[in-house]
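In this note's numbering, the protein residues as written are 935 to 1272.
Here a beta-carbon is modelled for each residue, glycine too, at the ideal position from N, C-alpha and C.
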């Protein structure tokens, strides 16, 4: 039987928390035309002239806070998931892990599959919700690379899995580990995306930010909308956890720059909740399948400090899917059936 190639792809991580390696990572990441979707001249000035030189040393300090003796948490979990999934799938499959930015590189992973003479390749970007800057960027680079191959095997792409029942259950089960404690409110904090990118994804040009509550339900006009998929993930999690609408909020973190991003911003929600007397928050980050800088530091440290200054007491991060065996079983189902 011909061997099938499975390519798992996450966003990326610096090779080390040194300033040089962090700058290298930020440069590759932010120079992606799908991440900062402005003209190339202005993007180059912004990234290479302002963001990387000034943000690099600051980001390096943050990466040092989450780095482990074994390396980057994102890469550690990724390697673990790859190895266990490969064992579950068996000898008829070859599973590779790649990062869209930095190492292990996507071109190298594809080359390994090519040299192994796989009969087909299924690309699985490890982002539950589709966004042009994440899943779209992975799809584009894969197509650019294989378009140069003389012999191109059958290739398929997983677009999203934001509503996969198994994934929802793993996130909810992780949250349940904390429910023996008392929480005033639950936050579903997703990674932010500029509003302009959401508008570009609206092929109709008549839905995004033009229809009231445009993200509340999945329709033909917003089925590829990152924000609409985030809303659906939050609804499914709330249902699984038996939450009432007043028990939880959806928000977006990690905003960059002054342009409007999808709202409400996590910082604004923290302020509003503190003003209402909320003291203890349980936070899930269902856009991340593995804990990383945005969860381990941004939520657990930055938002904890911010919330305390606002009068709150506790911001408790719910661990991500990481290398949970139940999550790897979900990935197996995605590989075999999606």
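Q) Between residue 941 and residue 1227, is the Cβ-Cβ spacing less than 8 angstroms? A) Contact annotation: residue 941 and residue 1227 have beta-carbon atoms that are not nearer than 8 angstroms.
Q | Sequence-distant residues of its chain with Cβ nearer than 6 angstroms to residue 1253 (five each side left out) | A | So the qualifying residues of the chain are 1108.
Q) In this structure, what does DSSP give as the bridge partners for residue 1326? A) Outside the displayed range of the chain (935 to 1272) lies residue 1326, so it cannot be described from this structure.
Q) Quick one: what's got a C-beta closer than 8 angstroms to residue 1238's C-beta in the same chain, skipping five residues either side? A) Once the five neighbours on either side are set aside, the close Cβ partners of residue 1238 are 1248 and 1249.
Q) Just the Cα atoms here: how many angstroms apart are residue 1131 and residue 1125? A) Rounded to the nearest angstrom, the two C-alpha atoms are 13 angstroms apart.
Q. In whole angstroms, what is the alpha-carbon distance linking residue 1195 and residue 1068?
A. A straight-line Cα-Cα distance of about 16 angstroms links residue 1195 and residue 1068.
Q | Sequence ranges, beta strand (DSSP E) only - wholly within the region 1083 to 1119, length at least 3 | A | Here the runs fully enclosed are 1088 to 1091.
Q) What is the DSSP secondary structure of residue 1282, reduced to helix, strand or coil? A) Because the chain in this structure spans residues 935 to 1272, residue 1282 falls outside the shown range and cannot be described.
(Q) Tell me the residue span of the alpha helix (DSSP H) that contains residue 1010. (A) Under the DSSP assignment, residue 1010 falls in the alpha helix (DSSP H) whose first and last residues are 1007 to 1023.
Q) Leaving out five residues before and five after residue 1202 in sequence, what residues of the same chain have Cβ atoms less than 8 angstroms from its Cβ? A) Cβ neighbours of residue 1202 beyond the five flanking positions: 1185.
Q. Alpha carbon to alpha carbon, how far is residue 1087 from residue 987?
A. Between residue 1087 and residue 987, the C-alpha separation is close to 41 angstroms.
Q.
On the CB-based measure, 16 or more other CB atoms within 10 Å of its CB, does residue 1030 come out buried or exposed?
A. Buried, because 16 or more other Cβ atoms sit within 10 Å of the Cβ of residue 1030.
Q. Using 8 angstroms as the Cβ pair cut-off and three pairs as the minimum, do the region 1260 to 1271 and the region 1015 to 1022 touch?
A. Judged by Cβ distances under 8 angstroms, the region 1260 to 1271 makes contact with the region 1015 to 1022, as three or more pairs qualify.
Q.
For residue 1220 and residue 1100, what's the separation of their Cα atoms in angstroms?
A. Computed Cα separation, rounded: 13 angstroms.
**Q.** Start and end residues, alpha helix (DSSP H) containing residue 1164
**A.** Per DSSP, residue 1164 is one residue of the alpha helix (DSSP H) stretching across 1160 to 1174.
Q: Starting from the C-beta of residue 1083, find all residues in its chain whose C-beta is less than 7 angstroms away, skip the five residues before and the five after it, and write them out in chain order.
A: Closer than 7 angstroms at Cβ, skipping near neighbours: 1048.
Q. Using 8 angstroms as the Cβ pair cut-off and three pairs as the minimum, do the region 1113 to 1122 and the region 1206 to 1217 touch?
A. Contact between the region 1113 to 1122 and the region 1206 to 1217 is present, because at least three Cβ pairs lie under 8 angstroms.
Q.
Suppose only complete runs of 3+ residues qualify. What are the beta strand (DSSP E) ranges in the region 1188 to 1266, listed by chain order?
A. Counting only runs of 3 or more, we get 1214 to 1218 and 1248 to 1251.
Q) Which of helix, strand or coil does DSSP assign to residue 1080? A) The three-state secondary structure of residue 1080, taken from DSSP, is helix.
**Q.** Three-state class that DSSP yields for residue 1028 in the structure shown
**A.** Note: residue 1028 maps to strand in three-state DSSP.
Q.
Rounded to whole angstroms, what is the Cα-Cα separation between residue 952 and residue 1145?
A. One alpha carbon belongs to residue 952, the other to residue 1145, and they sit about 46 angstroms apart.
Q. Of all the options 965, 1169, 1153 and 1081, which has the alpha carbon lying nearest to the alpha carbon of residue 1277?
A. What the structure shows of the chain is the stretch from 935 to 1272, and residue 1277 is not part of that stretch, so it cannot be assessed.
**Q.** Meets three-Cβ-pair contact criterion under 8 angstroms: the region 1174 to 1183 and the region 1153 to 1166
**A.** No, the region 1174 to 1183 is not in contact with the region 1153 to 1166.
**Q.** Own chain partners of residue 1268 with C-beta closer than 8 angstroms, once the 5 adjacent residues on each side are dropped
**A.** Excluding positions up to five away in sequence, the list reads 1058, 1092, 1095 and 1098.
Q: Compare the C-alpha of residue 1233 against each of 1000, 1043, 1155 and 1051 and name the closest.
A: Here the closest residue by C-alpha is 1000.
Q.
Assuming residue 990 is part of the alpha helix (DSSP H), what are its boundary residues?
A. For residue 990, the enclosing alpha helix (DSSP H) has its first and last residue at 986 to 1000.
Q.
Short of 7 angstroms in beta carbon distance, which residues of its chain neighbour residue 1129, apart from the five on each side in sequence? Order them along the chain.
A. Excluding sequence neighbours, residue 1129 sits near 1143, 1194, 1195 and 1196.
Q: Reducing DSSP to helix, strand and coil, say where residue 981 ends up.
A: If DSSP states are grouped into helix, strand and coil, residue 981 belongs with the helices.
Q) Cβ-heavy atom distance between residue 1066 and the ligand ZN below 7 angstroms? A) Judged by which ligands are present, the structure shown has none, so any question about the ligand ZN falls away.
**Q.** Cα-Cα separation between residue 1280 and residue 966, rounded to whole angstroms
**A.** Outside the shown range of the chain, which is 935 to 1272, sits residue 1280, and nothing can be said about it.
Q.
For a test of the three-state rule: what should DSSP assign to residue 1132, helix, strand or coil?
A. Residue state, collapsed to three classes: helix.
Q: Give a yes or no on whether the C-beta atoms belonging to residue 1151 and residue 1141 are separated by under 8 angstroms.
A: No. Outside cutoff.
Q: Taking residue 960 as part of the alpha helix (DSSP H), name the residues at either end of that continuous run.
A: From DSSP, the alpha helix (DSSP H) with residue 960 extends over 953 to 964.
Q: Mind checking which residues open and close the beta strand (DSSP E) that includes residue 1040?
A: First-last for residue 1040: 1040 to 1049, but that is the alpha helix (DSSP H), not the beta strand (DSSP E).
(Q) Assuming residue 1072 and residue 943 are in contact, meaning their beta carbons sit under 8 angstroms apart, how far apart are those beta carbons, in whole angstroms? (A) Going by Cβ atoms, the distance from residue 1072 to residue 943 rounds to 5 angstroms, so yes, they are a contact pair.
Q: Identify the continuous beta strand (DSSP E) that holds residue 938 and give its terminal residues.
A: Where residue 938 is concerned, the enclosing beta strand (DSSP E) stretches over 938 to 946.
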